[in-house]
Structures are given as C-alpha cells and as structure tokens.
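Asker: First residue of the sequence shown? That's 18 in the working numbering, and the numbers climb one at a time after it.
In this text, a Cβ means the ideal position worked out from N, Cα and C, and glycines have one as well.
Given the structure is predicted, the values throughout are model-derived calculations rather than measurements.
Next up is a structure, given as structure tokens.
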Amino acid sequence: MAISLFAVAQVAAQQKPVAKPKPVAKPAAPVLKNLNDSAAYALGLSIGQSLQQQPKLSTLNISLVQRAIADVLQKKPTLCAPESVNDIMETYMNKDNAVKIKANKAAGAAFLANNAKRQGVITMPEGWQYEVIKKGTDTTKPSLESTIRCHYHGTLIDGTVFDSSVDRGEPISFPLGNVIRGWQLALQQMTVGSKWKIYLPSDLAYGDRAAGEKIGPGATLIFEVELLGIEK
18 MAISLFAVAQ
28 VAAQQKPVAK
38 PKPVAKPAAP
48 VLKNLNDSAA
58 YALGLSIGQS
68 LQQQPKLSTL
78 NISLVQRAIA
88 DVLQKKPTLC
98 APESVNDIME
108 TYMNKDNAVK
118 IKANKAAGAA
128 FLANNAKRQG
138 VITMPEGWQY
148 EVIKKGTDTT
158 KPSLESTIRC
168 HYHGTLIDGT
178 VFDSSVDRGE
188 PISFPLGNVI
198 RGWQLALQQM
208 TVGSKWKIYL
218 PSDLAYGDRA
228 AGEKIGPGAT
238 LIFEVELLGI
248 EK
C-alpha cells in the first residue's frame, strides 16, 4: 500500500498545473464611422422592417437573405437564376397560404357549428348566422342599390378586433352593393335602428385572401352591426 501511495505521489508531483483558459475577447461593436456606414445600416434596417411586417417572410433564413444581397451587389454568381425569383416566391407564398387557409377554414367551421347550438342564433341557408341584439324602429330595409349608414365592430373568432367604427366613434356610410357578400345578405334583412351580430364564413367574407394585417386567408369573421339609416 505504501508503494502505491508513493507512486501516486510521484506522478502527481510530475504533473504540471492546468492553465486556466484565457477569456475570449468579445468582438467590438460595429461603429458607424461616416455617412456611407450610416446609409448602409439604414438600408438594412429598412429591409428588416419590411420583412418583419410580412409574417410569411420574417421566418426566412436571414443568412441566405444576406448572402443573396451580397452576391448581387458584388456581382458574384447567384445560387438560383434571377429569372426564377418570381416563380420561387410565388410557390413559397402559395404553399404558406394553403396551410393557413386549411387551418383557418377548419377553425371557422368548428366555431360556426358550435355557435349554431346557442340559443338565439339563426343559421341562414347560405351558411351565415346572426342573432338580434336590438330590434329596429321601423320596417324599412335597404336594397343592394341603397347607400346605408351604420356602426360596426369586427372581430375574428378568437376575439381579435380588426376594425371598428364604434372604437373610432364615427359611423360609416357606403353603397351596400360595394361590400362583402355576407354584409349584403345580412343588411338587406335588417330594419333601420336594428343591431345584429352576424357570423360570416370565409366564402361570404374575404375568401382565401388576407385583408389588412389581422384577417388571414380563409378567416371566419364576426360583426356587430347597427343600421343607423338609409341615405338613398
């Protein structure tokens, strides 16, 4: 046992102390030294902000975006033919849209099926639904040729508000024949002074296209609409 301990002690004595790793210096933060640098960074900001505003593009591989910009500006060979750019982007956008349309329509169909079971909700042959919040003051109803004045509050099925004249505090006037099909069907059934909550499947709203920042393709929409008057 003593020999073993002696041998271990000798080995330990011969070992050199392990050097501590040196801290890695952090790269210096980029500095905008002149107007050229500032303009370059501002251009990058503009491109980034533009991508950020388009959810479909904000998840792209940023390294390849940077690589493509550099290849073009430095006149290097590109990884895909410039003439194929439009086709590639169209294919990408259509694929992304198809996934969202399918998901939104499925969610909308499930919502409307459950909503139809609620007391007071009436389902029309075209697939839209409504419930009366307030009855009208007379029997006058608009036609497709009418210009109407109304208040509305629009939400998605998850409660997200996408537009509201009520929130703005200003009613709106418009020709009934110029709006989405669901509104045309519903408003022609309403009398002046009435207030309804209407539920529109996507085919009676904006269909498979998006509208604004919040309405996705294939979205089911909900509106509280108050018919204030018929102007002509």
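(1) For the beta strand (DSSP E) that contains TRP145, what are its first and last residues?
(2) Contact defined as beta carbons within less than 8 Å: I believe ILE174 pairs with GLU241. What is the distance between those atoms, to the nearest angstrom?
(3) Measuring alpha carbon to alpha carbon, tell me which residue in GLN201, ALA98, LYS158 is nearest TRP145.
(4) So what's THR156 in DSSP terms, helix, strand or just coil?
(5) Nearest to ALA123 by CA position, among ASP225, LYS231, LYS249, LEU81, is which residue?
(6) Which residues share a DSSP beta bridge with ASP180?
(7) Near ILE189, which residues of its chain fall below 6 Å by C-beta distance, leaving aside the five closest residues on each side in sequence?
(8) What is the DSSP secondary structure of SER190, reduced to helix, strand or coil?
(9) Which parts of the stretch 97-122 are runs of the beta strand (DSSP E), unbroken and 3 residues or longer, counting only runs that do not cross its ends?
(10) When you compare the CB of GLY176 with every CB in chain C, is at least one pair closer than 9 Å?
(11) Would you report the Cα separation of ILE235 and LEU62, rounded to the nearest angstrom?
(12) Assign LEU52 to one of three DSSP states: helix, strand, or coil.
(13) Alpha carbon to alpha carbon, how far is GLU143 from GLY171? Give it in angstroms, no decimals.
(14) Cα separation between PRO218 and ILE165?
(15) Using a threshold of 9 Å, state whether the C-beta atoms of TYR223 and ILE197 are closer than that.
(16) Just to confirm, is the Cβ distance from GLY153 to SER211 under 9 Å?
(17) On the DSSP letters alone, give me the boundaries of the alpha helix (DSSP H) that GLY199 sits inside.
(18) Tell me which residues share the same chain as GLY267 and place their Cβ nearer than 8 Å to its Cβ, disregarding the 5 neighbours each side in the sequence.
(19) Three-state secondary structure (DSSP) at GLY233?
Answerer: Reading off the structure:
(1) Counting along the chain, TRP145 falls outside any beta strand (DSSP E), and DSSP gives it neither H nor E.
(2) Not really, about 14 Å apart at Cβ, beyond 8 Å.
(3) GLN201
(4) coil
(5) ASP225
(6) GLY171
(7) SER182
(8) strand
(9) none
(10) You won't find chain C in this structure, because it holds only one protein chain.
(11) The displayed chain sequence assigns Gly, not Ile, to residue 235. Each residue's alpha carbon lies about 32 Å from the other.
(12) helix
(13) 20 Å
(14) 23 Å
(15) yes
(16) yes
(17) 198-204
(18) Outside the shown range of the chain, which is 18 to 249, sits residue 267, and nothing can be said about it.
(19) coil
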